[in-house]
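> In the working numbering, the protein residues as written are 9 to 608.
Quick reminder that beta carbons are idealized off the backbone N, C-alpha and C, glycines included.
This structure is a prediction, so every number in the text was calculated from the model and none was measured.
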């Protein structure tokens, strides 16, 4: 009965709280929670979801295919961790998913004897404090890291927790602990763990204050104007692979000539070259629609991996101001950093770290090396019957986009739903324009239209639906097939460009063929794609020969070129890994010499 179920759950909860439980008690607790999920939520966890719960409870990152029910799997280890009385943070990729999951699972947690909190971007300090006091707290990586930094600022130079608490108990002076919002970092369960722990690992979260400087603001505007007078190839070179600009000898001399009469901040040759190089970088390597969008007269960064807007994030070291100057916008005052930490460094502070994602095996070595967590690959609940077509390679971007449109029109005519994945906002808008011209109704999901994200992606499996989405926009929202779609072949995914990380491509393909549904996926690439420009530039010598009378490249040449694409992708992944390792060494040095994290 329900009463007996509640009684037995309460018994196991008390054993876990007092740390007097055995493995058999945990197994029984998991079985009771699975039954509770069925009665409260109407969903009974599959064996693979129970296996995922056990693996995450043991501190592993679980690879669970798209559509296998990661949200339900996460509540089981989160409840076991919450019963210990030290809190559990369930980390999601955006505010919408954090609120959705907290509200959705609240009845379950309540029956299990736990409170559930939710920390969003607009949550006031009092609400944050209450949310972190709950047994389970849903939030995003950005919010939990920012709260940690703010708490460190509140504590200031105090390293001795015992002394701080004694002063608070004595009542002789006000204690900074009254203004803290978090408690200890006991347990974190991270959804889309590969995105948070790998792709965004070295992204620093910074708390800064505005530092007005009229001279520097004017210098950014002057640098933008001066940079337009320099010529690519003669005065500077673009190193695409490392996203760098290098001035030539002629360029250095030209800078000296252009700034000779300016004085002030331009008096030093080294500083003048840095400012103009930064302005050239903004012009050559930061593109509207790909790296940022302009909204209400401000630069808003676009997340490279998710395609989502990041309105609270800015580029460092004056790059944000350089892009504003390039676009002719009002330049915001430079900011002075008061606290910073990388996501990589922050998540290593948790006593217990676990996660789940659809793509983890490629990052197995790195997750073990950096976070000391293993990867557990789990089978699908039902066999995957998705058809993965061979990649189609084209000599030029125009030929590729023409072929994408023809292919989508062909599949759309059968009534099957089509999900088109693009790498940038600009590419999604380009596809949208072509579909509109062809008279194909569709929905667009990108950083500019993120408000409708969940609703759009949830309808992507309906008969005749065509959805254009940037990268992994819509991650966390299930795509269920509409009536009659399975009989016609299921959802068809079209990837329009290979990403630098093969995991992102695999995530997109995984949107088709969920839970044993039929589906298919195909990748379209060209020799003018960003991946080739940056990591296989020697192919530029082949393009002229390949374009003569040939749109799509077939036969033996196709196989050779595809191997080149794969090597370019592997090279990109190696370079990114080296960069993350460099940040890790710096983090370890900080922990050893500065004791930033302290002991507690």
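So what does DSSP say about residue 22, is it helix, strand or coil?
By 1-based counting over the chain shown, the position of residue 22 is 14. It is helical.
> Using a threshold of 9 Å, state whether the C-beta atoms of residue 466 and residue 487 are closer than that.
Counted from its first residue, the chain shown places residue 466 at position 458. Counted from its first residue, the chain shown places residue 487 at position 479. Cβ atoms of residue 466 and residue 487: closer than 9 Å.
> Can you find the residues in the same chain that come closer than 7 Å, C-beta to C-beta, to residue 283, ignoring five residues on each side of it along the sequence?
Numbered from its first residue, the chain shown carries residue 283 at position 275. The answer, listed in chain order, is 227 and 231.
> Just the C-alpha distance for residue 145 and residue 91, rounded to the nearest angstrom, thanks.
On the chain shown, residue 145 is found 137 positions in, with the first residue counted as 1. On the chain shown, residue 91 is found 83 positions in, with the first residue counted as 1. Going by the C-alpha atoms only, they are around 13 Å apart.
> With 16 other CB atoms within 10 Å as the buried threshold, where does residue 393 fall?
If you number the chain shown from 1, residue 393 lands on position 385. Residue 393 should be labelled exposed.
> Checking 9 Å against the spacing of the C-beta atoms, do residue 403 and residue 534 come in under that value?
Position 395 of the chain shown, counted from the first residue, corresponds to residue 403. Position 526 of the chain shown, counted from the first residue, corresponds to residue 534. Cβ distance < 9 Å, so residue 403 and residue 534 count as in contact.
> Using only the alpha-carbon positions, how far apart do residue 32 and residue 367 sit?
By one-based count along the chain shown, residue 32 stands at place 24. By one-based count along the chain shown, residue 367 stands at place 359. One C-alpha to the other measures close to 31 Å.
> Rounded to whole angstroms, how far is the Cβ of residue 234 from the Cβ of residue 255, which I believe are closer than 8 Å?
The sequence position of residue 234 within the chain shown is 226, counting from 1. The sequence position of residue 255 within the chain shown is 247, counting from 1. In fact, because the Cβ distance is near 12 Å, the residues do not count as touching under 8 Å.
> What number of angstroms, rounded off, separates the C-alpha of residue 441 from the C-alpha of residue 300?
Numbered from 1 along the chain shown, position 433 holds the residue referred to as residue 441. Numbered from 1 along the chain shown, position 292 holds the residue referred to as residue 300. Distance between the alpha carbons of residue 441 and residue 300: 20 Å.
> For the 8 Å Cβ check, are there 3 or more pairs between the region 120–137 and the region 148–156?
Short answer: they touch.
> In terms of alpha-carbon separation, which member of 415, 386 and 387 lies closest to residue 399?
As a working note, residue 399 is residue 391 in the chain shown. Ranking 415, 386 and 387 by Cα distance to residue 399 puts 415 first.
> Could you check the C-alpha separation between residue 140 and residue 126 for me, to the nearest Å?
Here residue 140 refers to the residue found at position 132 of the chain shown. Here residue 126 refers to the residue found at position 118 of the chain shown. Their backbone Cα atoms lie some 8 Å apart in a straight line.
> Between which two residues does the beta strand (DSSP E) holding residue 528 run?
Within the chain shown, numbered from 1, the residue matching residue 528 stands at position 520. Where residue 528 is concerned, the enclosing beta strand (DSSP E) stretches over 527–534.
> Determine which residues share a DSSP beta bridge with residue 212 and list them.
Within the chain shown, numbered from 1, the residue matching residue 212 stands at position 204. Note: residue 212 sits in a beta bridge opposite 350.
> Using the Cβ count rule (16 or more neighbours within 10 Å means buried), how would you classify residue 458?
As a position in the chain shown, residue 458 is number 450, starting the count at 1. Confidence at residue 458 is low in this model, with a pLDDT of 47, below 50, so its placement is unreliable and the value that follows should be read with caution. By the 10 Å Cβ count, residue 458 comes out buried.
> Which residue comes first and which comes last in the beta strand (DSSP E) that contains residue 430?
Taking the first residue of the chain shown as position 1, residue 430 is located at position 422. Residue 430 -> beta strand (DSSP E) spans 426–430.
> With residue 610 and residue 120 assumed to form a contact (beta carbons below 8 Å), what rounded beta-carbon distance in angstroms separates them?
Since the first and last residues shown for the chain are 9 and 608, residue 610 lies out of range.
> Between the region 57–76 and the region 356–363, can you find at least three pairs of beta-carbon atoms closer than 8 Å?
These segments touch.
> Using the Cβ count rule (16 or more neighbours within 10 Å means buried), how would you classify residue 270?
Residue numbering aside, residue 270 sits at position 262 when the chain shown is read from its first letter. It counts as exposed.
> Thinking C-alpha only, which one of 76, 332 and 296 is nearest residue 60?
As a position in the chain shown, residue 60 is number 52, starting the count at 1. Ranking 76, 332 and 296 by Cα distance to residue 60 puts 76 first.
> With a threshold of 8 Å on Cβ separation, who are the neighbours of residue 194 within its own chain once the five nearest residues in sequence on each side are excluded?
Position 186 of the chain shown, counted from the start, is the residue given in the question as residue 194. Excluding residues within five positions, the ones whose Cβ falls inside 8 Å are 89, 92, 94, 95, 96, 358, 359 and 360.
> Examine the Cβ distances between the region 415–428 and the region 497–515 and report whether three or more of them are shorter than 8 Å.
Flag = yes, the region 415–428 and the region 497–515 touch.
> Return the CA-CA distance between residue 492 and residue 411, expressed in angstroms with no decimal places.
By one-based count along the chain shown, residue 492 stands at place 484. By one-based count along the chain shown, residue 411 stands at place 403. Roughly 27 Å separates the two Cα atoms.
> Determine, for residue 223, whether the minimum Cβ-Cβ distance to residues of chain B falls below 9 Å.
Absent from the structure is chain B; it holds one protein chain and no more.
> How big is the Cα-Cα spacing for residue 515 and residue 259?
Your numbering for residue 515 matches position 507 in the chain shown. Your numbering for residue 259 matches position 251 in the chain shown. The alpha-carbon atoms of residue 515 and residue 259 are separated by roughly 44 Å.
> Compare the Cα-Cα distances from residue 252 to each of 109, 229 and 327 and report the closest residue.
Position 244 of the chain shown, counted from the start, is the residue given in the question as residue 252. Minimum Cα distance to residue 252 is reached at 327.
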